[in-house]
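Colleague:
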Amino acid sequence: MKSSLWLAPLAFLATLALAQPTTPSPDDDEIARRLIEASIARYAGSCPCPYSTARNGSRCGRRSAHDRPGGEAPLCFREDVSDEAIARYRARMAQE
1 MKSSLWLAPL AFLATLALAQ PTTPSPDDDE IARRLIEASI ARYAGSCPCP
51 YSTARNGSRC GRRSAHDRPG GEAPLCFRED VSDEAIARYR ARMAQE
């Protein structure tokens with residue numbers, strides 16, 4: 001009887017030691033934030049978004065690529081990121 005009392009805690013500790021830690025999957029807002037950061041990083045100019053700062057230190061505002069018609073349109077706001085883009089991101093992450 002006494003020998004079986006110490007086996008249960010030992011088995012529990014062994015289970016904890018062998019368990020693989022799981023990372024929680026990011027929520028939609030976190031994925032959108034990542035996609036926005038990546039989109040801004042890919043933009044070659046100095047004014048991707050209205051809230052960005054131009055080389056002279058002023059805010060880009062309506063001069064930003066986001067607000068100009070045609071050309072590149074970087075993702076700047078949560079509303080810019082579609083549910084489909086989030087689903088594609090999740091699918092890519094599942095493959096890795």
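Under our numbering, think of the first position of the sequence shown as 1, with each following residue one higher. The beta carbon of each residue, even a glycine, is placed where N, CA and C say it ideally should be. Computed from a predicted structure; not experimentally measured.
Given a cut-off of 8 angstroms on the beta-carbon distance, is the pair Ala73 and Ala85 in contact?
Modeller: The residue given as residue 73 occupies position 73 in the sequence shown. The residue given as residue 85 occupies position 85 in the sequence shown. With contacts defined as CB atoms closer than 8 angstroms, Ala73 and Ala85 fail to qualify as a contacting pair.
Colleague: If you compare alpha carbons, which of Arg90, Gly71, Leu35 is closest to Ala44?
Modeller: Locating residue 44 in the sequence shown gives position 44, where the first residue counts as 1. Just measuring C-alpha positions, the residue of Arg90, Gly71, Leu35 sitting nearest Ala44 is Gly71.
Colleague: In the DSSP assignment, find the alpha helix (DSSP H) that holds Arg42 and state where it starts and stops.
Modeller: As a first step, residue 42 must be located in the sequence shown, where it is residue number 42. Taken as a continuous stretch (DSSP letters only), the alpha helix (DSSP H) holding Arg42 covers 28–42.
Colleague: Terminal residues of the continuous alpha helix (DSSP H) containing Tyr51?
Modeller: On the sequence shown, position 51 is the one that residue 51 refers to. Tyr51 -> no alpha helix (DSSP H), and no H or E assigned at all.
Colleague: Applying the 10 Å Cβ sphere with the 16-neighbour rule, what's the burial state of Pro69?
Modeller: Stepping through the sequence shown from its first residue, residue 69 is reached at position 69. Its Cβ having fewer than 16 others within 10 Å, Pro69 is exposed.
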